[in-house]
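Below: one structure, written as structure tokens.
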Amino acid sequence: MQLLTRILIRQCAFAIFALLAISNTASAATAAKVQLYKLDCGRIEFQDMGFFSDTGEYDGHSGSVVDTCFLIRHPKGLLLWDTGLGDKIAEQKDGVNNNGIHMYVDTPLLQQLKTLNVTPADINFLAFSHFHFDHTGNANLFTHSTWIVNKTELAGALATPPTFGEDPSLISEQANVKKQMIDGDYDVFGDGSVKILKAPGHTPGHQVLELHLQHSGVVILAGDLYHTTANREERRVPPINTSRADTLASMDRIERIVKNTHARLIIQHEAKDVNALPKLPAFLD
Ligand SMILES: [Zn+2]
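Counted from 1, the sequence shown has number 457 at position 210 by my numbering; the numbering is strictly sequential.
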């Protein structure tokens, strides 16, 4: 090959690499502005935490978890992720006790949304990590929103009997609202900044939410993939999960994504993770 041709090829290759580098920087700089607000959706005290691990570590021990919902503000709309224990419980000063499970809601979800000047009608999309009662308590308040619903999860909730821990009456408005049915990963706003990731095992259609924030990087709202930090560290599986094998496979998938994207994973029931997030009206971006 002649020297001139070789030089030309090298210069072309260099130009292509330079262009790729510029376009990568540009796409990072123009990534959608996404804001993450944490919402206090209650807390639960347990007489016996035994059903958080099928290998006995919690047997006979009492304990408590927080219940957290999240509002995601994207230039194309608002997404509410999970709806908590339900504002009805806030009417009971001493909470509601159900067979050793004591539930409290200190500040109604609607009141918290109001501090952000948001009404239920303003919520464009509603999505759930799963349909357990502590994630669907306020679902029926959001009849103007498009519900993004996992097909397998809905089938489980409507089955006879329903998936353990799921109460179809809490999501009864699903029959009337506009629905976007999904059966796997789903890019909510179409630009990769807010993605639902399939992570079954806790329930048949359990999923987590991956957010790409401009300043904070990748944040994963883990639903009930884990309930405590210790469960994450020890890969413990609750006996109430629908599939132990699927749970471990989902942990494996999500932890690989955490590693590859240097993500911050938020365990929605872990006070330590939730308390570290900005308090309303502040947000993470
Ligand atoms: Zn839960």
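Think of the CB as a built atom: it goes at the ideal place given N, C-alpha and C, for glycine as much as any other residue.
query, result
"The segment 368 to 381 contacting the segment 389 to 403, beta-carbon criterion three pairs below 8 Å", "yes"
"Beta strand (DSSP E) segments (min. 3 residues) lying fully within the segment 279 to 366", "282 to 293, 310 to 321, 324 to 328, 343 to 345, 348 to 351"
"Continuous beta strand (DSSP E) assignments of at least 3 residues falling wholly in the segment 428 to 473", "441 to 445, 454 to 460, 464 to 468"
"Rounded straight-line distance, which links the Cα of Glu-481 to that of Leu-327", "30 Å"
"Helix, strand or coil at Leu-531 according to DSSP, with G and I counted as helix", "strand"
"Span of the beta strand (DSSP E), counted from its first residue to its last, around Arg-503", "First-last for Arg-503: 491 to 508, but that is the alpha helix (DSSP H), not the beta strand (DSSP E)."
"Helix, strand or coil at Glu-517 [DSSP, three-state]", "coil"
"Proximity test, Cβ basis, 8 Å: Ala-337 and chain B", "No chain B appears in the structure shown, which is made up of a single protein chain."
"Proximity winner among Asn-346, Arg-500, Asp-334, Asp-414, relative to Gln-358 (alpha-carbon distances)", "Asp-334"
"C-beta atoms of Asn-507 and Phe-299 nearer than 8 Å", "no"
"Range of the contiguous alpha helix (DSSP H) that encloses Ala-404", "398 to 405"
"Own chain partners of Arg-491 with C-beta closer than 8 Å, once the 5 adjacent residues on each side are dropped", "Asp-301, Gly-448, Val-484"
"Proximity test, His-391 beta-carbon vs ligand 1 heavy atom, cut-off 7 Å", "no"
"Three-state secondary structure (DSSP) of Arg-483", "coil"
"Of the residues Phe-411, Leu-283, Leu-388, the one placed nearest Asn-488, counting alpha carbons only", "Phe-411"
"Residues that His-379 bridges to, as DSSP identifies them", "Glu-413"
"Under the three-state DSSP convention, the category Thr-390 falls into", "coil"
"Residues near Asp-432 by beta carbon distance below 8 Å, same chain, minus five either side", "Lys-442, Ile-443, Leu-444, Lys-445"
"Own chain partners of Leu-388 with C-beta closer than 6 Å, once the 5 adjacent residues on each side are dropped", "Pro-367"
"Distance between beta carbons of Leu-332 and Cys-289, contact taken as under 8 Å", "As written in the sequence, residue 289 is Gly, which differs from the Cys given in the question. Right, their Cβ atoms sit about 4 Å apart."
"Close Cβ partners of His-509 (< 8 Å) along its chain, the five nearest in sequence each way excluded", "Gly-464, Val-465"
"Nearest-angstrom Cα separation, counted from His-349 out to Leu-318", "25 Å"
"Contacts around Leu-524, its chain only, beta-carbon distance under 8 Å, and the 5 residues preceding and following it disregarded", "Leu-283, Lys-285, Ile-513, Leu-531"
"Straight-line Cα distance separating Ser-497 from Ala-404", "20 Å"
"C-alpha gap between Thr-383 and Ala-374, whole angstroms", "10 Å"
"Distance cut 6 Å, beta-carbon to ligand 1 heavy atom: residue list by chain order", "His-379, Asp-381, His-382, Asp-471, His-516"
"Glu-517 versus Thr-315 - alpha carbon distance", "9 Å"
"Nearest-angstrom Cα separation, counted from Met-296 out to Gln-515", "17 Å"
"Residue of Lys-361, Asp-287, Ala-279, Lys-340 minimising C-alpha distance to Lys-323", "Ala-279"
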